[in-house]
Amino acid sequence: MWDEIESQVERLRDFPRSGRAGRMPETSELVVTGTPFIVIYIVGDDDIDLVRVLHGAQKWPLDA
Numbered sequence: 001m002w003d004e005i006e007s008q009v010e011r012l013r014d015f016p017r018s019g020r021a022g023r024m025p026e027t028s029e030l031v032v033t034g035t036p037f038i039v040i041y042i043v044g045d046d047d048i049d050l051v052r053v054l055h056g057a058q059k060w061p062l063d064a
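Each residue of the sequence shown is one higher than the last, beginning at 1 in the working numbering.
See below:
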């Protein structure tokens, strides 16, 4: 399963805006196809910062 997450995260290099708008300001969320996981990330000018990988059933953001 980790290989699938890693593969889809690698695609963010070429398509950083492919995720949906995040639930926290300035974040995006990549729903990892074929898994129950969501990758939370921030698109910078020249990079992508991964914030968190969480199970879709987890509460996010924590204070919501």
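By construction, the Cβ of each residue, glycine as well, lies at the ideal position given by its N, Cα and C atoms.
Practice prompt. Quick one: grab the DSSP three-state call for Glu29.
Written response: strand
Worksheet entry | Between the CA atoms of Val43 and Asp14 - distance to the nearest angstrom | 12 Å
Item to complete: Just grab the DSSP bridge partners of Ala57 for me.
Response: None, per the DSSP bridge assignment.
Fill in: Ser7 - containing alpha helix (DSSP H), residue span
Trp2 to Glu10
Discussion item. So Trp60 and Arg23 are supposed to be a Cβ contact under 8 Å. How far apart are they, rounded?
Written reply: 6 Å
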